[in-house]
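Enquirer: In order, the protein sequences belong to chains A and B.
In this text, residue positions in the first sequence follow my numbering: the first is 8, and each later residue adds one.
In this text, residue positions in the second sequence follow my numbering: the first is 8, and each later residue adds one.
Where is the CB? At the ideal position from N, CA and C, for every residue including glycine.
Quick caveat: nothing in here was measured; it's all calculated off a predicted structure.
There are 2 protein chains.
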Amino acid sequence: MKKIQHLDHVLVSGGTHGNEYTGAFLARHWLQNPEFLRRASFKTIPLLANQRAFSICRRYVERDLNRSFHPSGEIANPEAFELSRARDIELELRKNCAGGLPSVIFDLHSTTAQMGLSLVLTNREPFNILLYAYLRSKFPSVNAYLWQEPKSQPGFLNSLSKFGFAIEIGAVANGVLNAEWVFKTADLVSACLDFVEFWNCGELPALPPSVPLYSFLNHVDYPRGDDGLPTAMIHPLLQGRDFQPLKDGDPIFIDFKGREILWNSGTAWAVFINEAAYYEKGIAFTVTEKIEVNTVDLLIN
Amino acid sequence: MKKIQHLDHVLVSGGTHGNEYTGAFLARHWLQNPEFLRRASFKTIPLLANQRAFSICRRYVERDLNRSFHPSGEIANPEAFELSRARDIELELRKNCAGGLPSVIFDLHSTTAQMGLSLVLTNREPFNILLYAYLRSKFPSVNAYLWQEPKSQPGFLNSLSKFGFAIEIGAVANGVLNAEWVFKTADLVSACLDFVEFWNCGELPALPPSVPLYSFLNHVDYPRGDDGLPTAMIHPLLQGRDFQPLKDGDPIFIDFKGREILWNSGTAWAVFINEAAYYEKGIAFTVTEKIEVNTVDLLIN
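Put into C-alpha cells, the structure is as follows:
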C-alpha cells in the first residue's frame with residue numbers, strides 16, 4: 008500500500024439530534040469514560056453535540072443542527088440557536104485539533120426506519136469505502152447509503168471532515184434507550200476506531216473485494232391533504248424493507264380507508280422508510296440505486 | 008340479564024398526546040368520515056383532543072393533558088394550556104351530550120413499550136370487564152392493566168366517565184404512523200362500539216368465563232446519576248416482555264459498561280417497559296399482580 012495520510016484527531020459525536028438517545032447517552036458515557044475510545048496512534052474527541060436539545064428530548068431547539076454546519080464560515084451572525092452551536096462546535100474542535108478540524112468524524116444517529124446498522128456517506132473517498140468494507144467484514148449486515156449534500160445549504164456535522172460518516176441505527180423510537188442498539192453502536196464505533204489505527208499503521212486487514220453502495224436518487228413524499236398532513240401511510244408491505252428492492256407494482260402507501268398506492272418508477276432500493284423526523288421534511292422514504300463498489304482498486308491506487 | 012343502563016353518548020378520542028399519531032390521525036380521519044363510528048342505539052363523538060400539541064408533534068404543550076382532567080371542576084383559573092384545554096373539552100362534551108358527560112369514553116394512545124393491544128382500566132366496573140372479555144373473544148392477545156388514579160391530582164380524559172378506558176397499542180415510535188397498528192386500533196374501536204350496541208340492546212354475545220387483569224403494584228425507576236439522567240437501561244431480556252412474569256434473579260437493568268441489576272422483589276408482571284414519555288415521570292416499568300376475574304358472576308348480578 009502506498010504512503011497514506013496520518014489521521015491525528017477523530018471526533019465521535021452523539022446527540023446531534025437531542026432525542027436520539029443512543030448516540031447522546033453514549034457520548035455522555037464516553038465523556039466520563041474516555042478509555043473505550045482510546046487508541047495509540049491518534050486522539051479521539053467525544054462530543055455531546057446538542058446538549059440543550061438533549062435536555063428537552065427534542066431533535067433540535069430552533070433548527071436541525073445536522074443541517075447547520077458551514078465549514079467555510081459564511082454565516083456571520085447566526086440567529087438560530089443551532090447555527091450558533093454549529094459555529095461553537097467548529098471553534099471548539101479547532102482548539103482540540105491543533106488549529107485544524109478533525110481528520111475523521113463519526114456522528115451517531117438513530118432512526119425510526121428499519122435501517123439496521125447503516126452508514127450515511129457523503130462522498131466516495133477511498134478511506135470511507137475501505138472502512139465500510141472493514142465494517143462489513145466484521146458485521147455483515149452493515150449497509151451504506153450515499154447522500155450528496157446540497158452545496159448551497161448548511162450541512163452535516165460530519166461535513167467538517169471528508170473522512171468519516173453518520174452512523175444510523177434502527178428502528179429505535181426517539182427518546183428511548185434500547186440496550187441492544189446501544190451496545191451494537193458502541194461495537195461499530197470501536198471497529199471504526201480500530202480501522203483508523205490500522206490505517207495509521209499502514210496495514211489494513213483483508214477486506215471484501217466489493218461492497219454495495221445505495222446511492223441517492225430522489226425523495227418520495229406522502230400524499231398530503233389541504234392541511235399539509237399525510238393522507239396515507241407507508242404500506243405494511245414496504246414498512247421495514249429498507250435496503251431491499253422496490254419493484255413496479257409493489258404497494259408503497261395505504262390510506263385510512265385501506266386504498267393502496269403502487270410503485271411505478273422502476274426498480275430501486277428504498278431507505279429511511281417512515282423516519283419520524285422526515286414527516287416535516289416531506290420525505291416518506293428515499294429511493295436509491297444499488298452500486299457494487301470494487302475495493303481492490305482502492306487498495307492498489 | 009337484568010335491565011341495564013342505556014348508553015347514549017360514546018366519546019372516541021385520539022391525540023390526547025399530540026405525538027401519538029395512531030390515535031391522532033384516526034380521530035382526524037373519523038371527524039371527516041364519521042360513518043365508521045356510527046351505530047344505531049347511540050351517538051358517537053370523535054375528538055382530536057390536543058390539536059395544538061399534535062400540530063407540533065409533541066406529547067403536550069405545557070403539561071400532560073391526560074393528567075389534567077378534574078371532572079368536579081376545582082380549577083377556577085387554569086394557567087397551563089392543557090388545564091384550560093381539559094376544561095374546554097368538558098364544556099364541549101356537555102353541549103354534545105345533552106348537558107351531561109359521555110356515557111362511555113375510549114381514549115386512543117400508543118406507547119414505545121411492547122404493550123400489544125392493551126387497555127388501561129381505572130376501575131372494575133362490570134361494563135368494562137365484560138367489554139374487555141368481549142374484546143379478548145375477538146382479539147385473544149388483548150390485555151388489560153388496572154391503574155388506580157390518585158384522587159388528589161387531575162386525571163385521565165377517560166376519568167370523565169366510569170365506562171370506557173384508554174387503549175394503548177405498541178410498540179410504536181412517537182411521531183410515526185404504522186399502518187398495521189392504525190388498522191388494528193380501528194378494528195378494536197369498532198369492536199368496542201359493537202359491544203356498546205349489544206349492551207344497549209340487552210343481548211351480549213358469549214364471553215370467556217374469566218379474564219386476566221394486571222393490577223398496579225408499583226412503579227420502578229431507572230438508576231439515575233447526579234444529573235438526574237438514567238445510568239442504566241432496560242435489560243435486553245426484559246425489553247418487550249410486557250404482561251409476562253418477572254421472577255427473582257431476572258435481569259432488569261444493564262449499565263453502559265454491561266453491568267446488570269437483577270429483580271429481587273418476588274414474582275410480578277411488568278407493563279409499560281421502556282415507555283419514552285415515562286423517562287421524565289421516573290418510571291422505567293410498572294409492576295402489577297395478575298388477577299383472574301370471573302365474568303360469569305358479572306353477567307348474573
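(1) Could you tell me the boundaries of the alpha helix (DSSP H) in which LYS191 of chain B lies?
(2) What does the Cβ neighbour count give for VAL17 of chain B, buried or exposed, with the cut at 16 atoms within 10 Å?
(3) Within its chain, find whatever has a CB closer than 7 Å to the CB of ASN26 of chain B; leave out the 5 residues flanking it on each side and keep chain order.
(4) Using a cut-off of 8 Å between C-beta atoms, extract the partners of ASN181 of chain B located in chain A.
(5) Between PRO243 of chain B and GLU187 of chain A, is the Cβ-Cβ spacing less than 7 Å?
(6) Would PHE263 of chain A count as contacting chain B if we go by Cβ distances under 7 Å?
(7) Among all the DSSP beta bridges, which residues are the ones paired with PHE392 of chain B?
(8) Comparing C-alpha positions only, which one of A:GLY30, A:VAL19, A:GLN160, A:ALA178 sits nearest to GLU282 of chain A?
(9) Exposed or buried, which one is CYS208 of chain A when buried takes at least 16 other CB atoms within 10 Å?
(10) To the nearest angstrom, how far is the alpha carbon of GLY289 of chain B from that of LEU153 of chain B?
(11) Output the residue ranges of the beta strand (DSSP E) runs that lie fully inside the region 207-265 of chain B and measure 3 residues or longer, sorted by chain position.
(12) Skipping 5 residues on each side, what residues in its chain have a beta carbon closer than 8 Å to that of GLN155 of chain A?
(13) Could you tell me whether the Cβ atoms of PHE292 of chain B and ASN150 of chain B are closer together than 7 Å?
(14) Find out if the Cβ-Cβ distance for the pair THR23 of chain B, ASN73 of chain B is shorter than 7 Å.
(15) Tell me the rounded alpha-carbon separation between ASN165 of chain B and ASP228 of chain B.
(16) Using only the alpha-carbon positions, how far apart do MET122 of chain B and LEU44 of chain B sit?
(17) Would you call GLN12 of chain A buried or exposed, if buried means 16 or more other Cβ atoms sit within 10 Å of its Cβ?
(18) For GLU187 of chain A, which residues in chain B fall below 7 Å Cβ to Cβ?
(19) Name the residue from B:ALA213, B:GLU42, B:GLY247, B:PHE32 whose alpha carbon lies nearest to the alpha carbon of ALA60 of chain B.
(20) How is the beta strand (DSSP E) around ASN150 of chain B delimited, first residue to last?
(21) Looking at LEU124 of chain B and GLY3 of chain B, is the spacing between their C-beta atoms short of 7 Å?
(22) Identify the residues that DSSP records as bridge partners of VAL300 of chain B: which are they?
(23) For THR119 of chain A, go through chain B and note every residue whose CB falls closer than 7 Å to its CB, in chain order.
(24) If you run the structure through DSSP and keep just helix, strand and coil, what is THR29 of chain A?
(25) Spell out whether any CB of chain B is found under 7 Å from the CB atom of MET240 of chain A.
(26) When you compare only the Cα positions, how much space is there between PHE190 of chain B and SER91 of chain B?
(27) Residues in its own chain within less than 7 Å of MET240 of chain B by CB, not counting five upstream and five downstream?
(28) The beta strand (DSSP E) with ALA275 of chain B in it runs from where to where?
(29) Output the distance between the C-alpha atoms of LYS169 of chain A and LEU54 of chain A, rounded to the nearest integer angstrom.
(30) Look at the Cβ atom of ASN225 of chain A, then the Cβ atom of VAL294 of chain A, and state whether they are nearer than 7 Å.
(31) Using a Cβ-Cβ distance cut-off of 7 Å, determine whether HIS36 of chain A contacts chain B.
(32) Going along chain A in order, which residues have a C-beta closer than 7 Å to the C-beta of PRO53 of chain B?
(33) What does a CB cutoff of less than 8 Å around SER144 of chain B pick up in its chain, not counting 5 residues either side in sequence?
(34) Name the two residues that bound the continuous alpha helix (DSSP H) containing PRO133 of chain B.
(35) Would you tell me roughly how many angstroms separate the C-alpha atoms of HIS36 of chain A and ASP233 of chain B, rounded to the nearest one?
(36) Helix or strand or just coil, what does DSSP make of MET8 of chain B?
Expert: Concretely, from the data shown:
(1) 186-208
(2) Under this definition VAL17 of chain B is a buried residue.
(3) For ASN26 of chain B, where only same-chain residues beyond five positions count, the Cβ hits under 7 Å are CYS64, ARG65, ARG66, ASN181, GLY182.
(4) Per Cβ cutoff of 8 Å: ALA180, ASN181, GLY182, ALA283.
(5) yes
(6) yes
(7) The question about residue 392 of chain B has no answer here: the residues shown for chain B are numbered 8 through 308.
(8) A:ALA178
(9) The residue in question, CYS208 of chain A, is exposed, as its Cβ has fewer than 16 Cβ neighbours within 10 Å.
(10) Spanning the alpha carbons of GLY289 of chain B and LEU153 of chain B requires a straight line of approximately 19 Å.
(11) 217-227, 239-241, 258-262
(12) THR129, PHE223
(13) no
(14) yes
(15) Taking the straight line from one Cα to the other gives about 26 Å.
(16) 25 Å
(17) exposed
(18) PRO243
(19) B:PHE32
(20) Run containing ASN150 of chain B: 150-153, per the beta strand (DSSP E) assignment.
(21) Nothing can be reported for residue 3 of chain B, as the shown portion of chain B is limited to 8 through 308.
(22) The beta-bridge partner set that DSSP reports for VAL300 of chain B consists of B:VAL218.
(23) The answer, in chain order, is ALA180, VAL183.
(24) Residue state for THR29 of chain A is assigned as helix, using DSSP reduced to three classes.
(25) Yes, because at least one Cβ of chain B sits closer than 7 Å to the Cβ of MET240 of chain A.
(26) 32 Å
(27) The residues are PHE260, ILE261.
(28) 275-278
(29) 18 Å
(30) yes
(31) yes
(32) What PRO53 of chain B touches in chain A: nothing, since even the nearest Cβ is about 13 Å away.
(33) PRO212, ALA213, LEU214, PRO215
(34) 133-145
(35) 13 Å
(36) Legend: pLDDT at MET8 of chain B = 48, less than 50; position of this residue unreliable, value from coordinates given subsequently. In the structure shown, MET8 of chain B adopts coil according to DSSP, grouped into three states.
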